[in-house]
DNA sequence: CCTAAAATTTTACAAATGATAAAAATTATT
DNA sequence: AATAATTTTTATCATTTGTAAAATTTTAGG
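Protein chains in written order, with UniProt numbering: chain A, 1 to 188; chain B, 1 to 188.
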């Protein structure tokens, strides 16, 4: 449970009993590669921490899938848009390796938020950090060329390139797999 | 103060005295078109509500500016990245019209977050809503062609196109002004 | 109303990326 | 190890978008 606990702690300092309380609510789930944790159009009100494994989130566009997020050990997965809009999410989350996750219903978290100041601030900080990550990715998308984005990804997350097939990486970078191949050939 | 109050209320329900307390902390500021509220590289720890006027946020890329956000009546402005990372922000915010704003130091807000459950949850919801907006824009950027994005903007924010010059709109859409002109010519 | 400045559109050409198909390389399965 | 399935690369051509410069339109100030 180390990655999950480290993540929870890193978000915002919780007292020891609150940390106990939180981890006590978590249910371990083992799932196989290929499993879909969320499905677009379906409601899912659970938050997962990814203790082991790797996952991607994608949206469907007519024929193809568009990967817009990767998560690895210590990351958490939830449908923010489904939760905030109280609707079905627009993303599907697929496990790309056999995985160990810890699960908690968002309703239970919400209850903590409504009743406990520390948890409410924990939830705020969780969202704030997620927000600036998304914002930074958004801006880097606008700023940088495809080649620069690929280089940056290699530096920031070299493990990703080893664990995830290039078609998904290309989609994540906003280019076709053919273009990514060209970029890789150029960089050799 | 109507837009500002409406915005505060829409984020998360606050009791009447908390609303009073909040609005009592706000300081009215009138500023001229062209004024820079935030400057990239500088620290600014204020939150502003835009009561009247229109603003854009941009980053510098070598020679040119990249507009990545517009705000109008009822929107709020702050440097989330500067605040969360406790660093200087990477964005500049420029007023595109003479404006009336209400200002509050983030430190005062933070104090409310740390001491009051309702405010802590208000801050959480504020961030959650901002997050899904950013996420949706990020995905729509990847999904849609430049033409589709322009059409969507025309529908969602027709006022923007009347109030903001096209060079900024083009940048916001992630294309050059020439490309935007071509798109507009096609749509005629 | 006139002029100067700024913003927008148009044009011509160059560069980047996409689409498609096929070949090569890698991985999984028997 | 051999075969099949999947993934990645390569090649070709079409399309989109960018760059630069000029022409036009709009805006702001006197």
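Just so it is clear, CB atoms sit at the ideal spot from N, CA and C, and this is done for glycine as well.
Backbone secondary structure at residue i - three-state DSSP
{"i": "residue 110(B)", "result": "helix"}
{"i": "residue 14(B)", "result": "coil"}
{"i": "residue 140(A)", "result": "helix"}
{"i": "residue 84(B)", "result": "helix"}
{"i": "residue 61(B)", "result": "strand"}
{"i": "residue 52(A)", "result": "strand"}
{"i": "residue 103(A)", "result": "strand"}
Other residues of its chain near residue i: CB distance less than 6 Å, five sequence neighbours each side excluded
{"i": "residue 118(A)", "result": "14 and 18"}
{"i": "residue 78(A)", "result": "47"}
{"i": "residue 26(A)", "result": "102 and 104"}
{"i": "residue 149(B)", "result": "173"}
{"i": "residue 93(A)", "result": "37, 38, 55, 57 and 77"}
{"i": "residue 163(A)", "result": "54"}
{"i": "residue 4(B)", "result": "49, 51 and 102"}
{"i": "residue 171(B)", "result": "66 and 67"}
Cutoff 8 Å: residue i Cβ touching any chain A Cβ
{"i": "residue 21(B)", "result": "no"}
{"i": "residue 61(B)", "result": "yes"}
{"i": "residue 16(B)", "result": "no"}
{"i": "residue 137(B)", "result": "yes"}
{"i": "residue 86(B)", "result": "no"}
{"i": "residue 71(B)", "result": "no"}
{"i": "residue 124(B)", "result": "yes"}
{"i": "residue 165(B)", "result": "no"}
{"i": "residue 134(B)", "result": "yes"}
{"i": "residue 170(B)", "result": "no"}
{"i": "residue 157(B)", "result": "no"}
{"i": "residue 38(B)", "result": "no"}
{"i": "residue 149(B)", "result": "no"}
{"i": "residue 76(B)", "result": "no"}
{"i": "residue 34(B)", "result": "no"}
{"i": "residue 41(B)", "result": "no"}
{"i": "residue 114(B)", "result": "yes"}
Contacts around residue i, its chain only, beta-carbon distance under 7 Å, and the 5 residues preceding and following it disregarded
{"i": "residue 42(A)", "result": "88"}
{"i": "residue 82(A)", "result": "43, 44, 88 and 89"}
{"i": "residue 168(B)", "result": "56 and 67"}
Residue i and residue j closer than 8 Å at C-beta
{"i": "residue 134(B)", "j": "residue 138(A)", "result": "yes"}
{"i": "residue 66(A)", "j": "residue 143(B)", "result": "yes"}
{"i": "residue 47(B)", "j": "residue 76(B)", "result": "yes"}
{"i": "residue 57(B)", "j": "residue 49(B)", "result": "no"}
{"i": "residue 160(B)", "j": "residue 180(B)", "result": "no"}
{"i": "residue 60(A)", "j": "residue 30(A)", "result": "no"}
{"i": "residue 96(A)", "j": "residue 33(A)", "result": "yes"}
{"i": "residue 113(B)", "j": "residue 120(B)", "result": "yes"}
{"i": "residue 100(B)", "j": "residue 136(B)", "result": "no"}
{"i": "residue 192(B)", "j": "residue 141(A)", "result": "Nothing in the structure corresponds to residue 192(B), since chain B is present only between 1 and 188."}
{"i": "residue 84(A)", "j": "residue 132(B)", "result": "yes"}
Span of the beta strand (DSSP E) around residue i
{"i": "residue 65(B)", "result": "64–71"}
{"i": "residue 92(B)", "result": "92–95"}
Cβ of residue i within 8 Å of any chain B Cβ
{"i": "residue 129(A)", "result": "yes"}
{"i": "residue 120(A)", "result": "yes"}
{"i": "residue 49(A)", "result": "no"}
{"i": "residue 160(A)", "result": "no"}
{"i": "residue 53(A)", "result": "no"}
{"i": "residue 174(A)", "result": "yes"}
Contacts around residue i, its chain only, beta-carbon distance under 8 Å, and the 5 residues preceding and following it disregarded
{"i": "residue 11(A)", "result": "122, 125, 126 and 129"}
{"i": "residue 7(B)", "result": "49, 74, 75 and 76"}
{"i": "residue 154(B)", "result": "161"}
{"i": "residue 186(A)", "result": "147"}
{"i": "residue 151(A)", "result": "187"}
{"i": "residue 35(A)", "result": "94, 95 and 99"}
First and last residue of the uninterrupted alpha helix (DSSP H) at residue i
{"i": "residue 172(A)", "result": "166–173"}
{"i": "residue 28(A)", "result": "Taken as a continuous stretch (DSSP letters only), residue 28(A) belongs to no alpha helix (DSSP H), being part of the beta strand (DSSP E) at 27–31."}
{"i": "residue 148(A)", "result": "146–156"}
{"i": "residue 40(B)", "result": "Here residue 40(B) belongs to no alpha helix (DSSP H), and DSSP marks it neither H nor E."}
{"i": "residue 179(A)", "result": "177–187"}
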